[in-house]
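Heads up, the thing below is written out as structure tokens.
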Amino acid sequence: GLTVPALVLEFVRCEQDELQVQNKISTHLAHLQQEQSPRSTVANQEQNVRHAAKPERLTTFGLMCHMADQTLFSIVEWARGCIFFKELKVGDQMKLLHNCWSELLVLDYIARQLHHGKAESVLLITGQEVTPVEFTTLLAQAGVTLSGMIQRGQELVHRLQELQLDRRETACLKYLILFNPDVKLLENQSYVENVYEQVNAALLEYTLCVYPQYPDRFSQILMRLPELRALSAQSEDYLCYKHLSGEVPCNNLLIEMLHAKRT
Amino acid sequence: KKKDNALLRYLLDKDDN
Chain A
666 GLTVPALVLE
676 FVRCEQDELQ
686 VQNKISTHLA
696 HLQQEQSPRS
706 TVANQEQNVR
716 HAAKPERLTT
726 FGLMCHMADQ
736 TLFSIVEWAR
746 GCIFFKELKV
756 GDQMKLLHNC
766 WSELLVLDYI
776 ARQLHHGKAE
786 SVLLITGQEV
796 TPVEFTTLLA
806 QAGVTLSGMI
816 QRGQELVHRL
826 QELQLDRRET
836 ACLKYLILFN
846 PDVKLLENQS
856 YVENVYEQVN
866 AALLEYTLCV
876 YPQYPDRFSQ
886 ILMRLPELRA
896 LSAQSEDYLC
906 YKHLSGEVPC
916 NNLLIEMLHA
926 KRT
Chain B
2 KKKDNALLRY
12 LLDKDDN
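Chains as they are written, first to last, in my numbering: chain A, 666 to 928; chain B, 2 to 18.
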């Protein structure tokens, strides 16, 4: 019999119901698109005439931002329910999330593709599948920076696919990212460092116990974290640039997170 | 700066029910 470390089981237990998240976000985005649709209601039309302005149709990029924003809400919800995180004061919780929100967003995307298991298509958090043809079109329209980042993401997916990273390991990675011991000025610094060490130890124990034939699996997994961090940093820079040029829809958690790190 | 973090603080602080 295999003994999965209790901590790893606890991490899996704290995972959100994917279908619930999917329903919540797809409903939200459907409403949003309805609101933004040029001919949605008579009231809207009247308003448009009055303001003499065409309602702006949500661009693909704008839609992606809303999707990322909604994903962030679900990430915060997840963190709130996490073992260890609950014990921290809100100030420390905020500092940890400010530090890692984009890494958790990128990991969320990557993990979804990984467990989706279809190399040719991309699965969105809404449950929609982007077909290879649509994906190619999107890449062509995206511009060099964005398409480069998406491709970098796909490479990371492939690497983790080769490793066959499982769901329990994915859950551990989320904790390693959340409890980053490099975050400074925490009220409870030693607690965060201690949790990080505990998660590290649990993941090591898990890989040795479940995959004893691959003794370097643990380090192989950890080696992907700097790549993830680099990609998320690039995504943040890109979002900042888009935000400054007024292309990111406003009043949301995404922008608040962008500001928090830059100020 | 504080105003910038209002939404996150609210989300972390709010009661579950």
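Glycine residues also receive a C-beta, built at the ideal position from the N, C-alpha and C atoms.
A quick note: this is a predicted structure, and the numbers were derived from the prediction, not measured.
{"Item": "Chain A residues whose Cβ lies nearer than 9 angstroms to that of B:D16", "Value": "Simply none; closest approach about 11 angstroms."}
{"Item": "A:T725 vs A:L830 beta-carbon contact at 8 angstroms", "Value": "no"}
{"Item": "Residues that A:L769 contacts on chain B, provided the C-beta gap is smaller than 9 angstroms", "Value": "Per Cβ cutoff of 9 angstroms: no residues; A:L769 is ~13 angstroms from chain B at best."}
{"Item": "Sequence-distant residues of its chain with Cβ nearer than 8 angstroms to A:Y879 (five each side left out)", "Value": "T872 and Q885"}
{"Item": "Bridge partner(s) assigned by DSSP for A:V787", "Value": "A:V795"}
{"Item": "Element boundaries [alpha helix (DSSP H), containing A:I740]", "Value": "T725 to R745"}
{"Item": "Secondary structure of A:C765, DSSP reduced to three states", "Value": "helix"}
{"Item": "CB of A:T736 within 8 angstroms of CB of A:D773, strictly", "Value": "yes"}
{"Item": "Under 8 angstroms between C-beta atoms of A:M732 and A:L811", "Value": "no"}
{"Item": "Proximity winner among A:F738, A:Q816, A:N845 and A:G911, relative to B:R10 (alpha-carbon distances)", "Value": "A:F738"}
{"Item": "Every unbroken alpha helix (DSSP H) within the region 840-912 of chain A, with a cutoff of 4 residues, ordered by chain", "Value": "854-875, 882-887 and 889-909"}
{"Item": "DSSP three-state assignment for A:K754, whether helix, strand or coil", "Value": "coil"}
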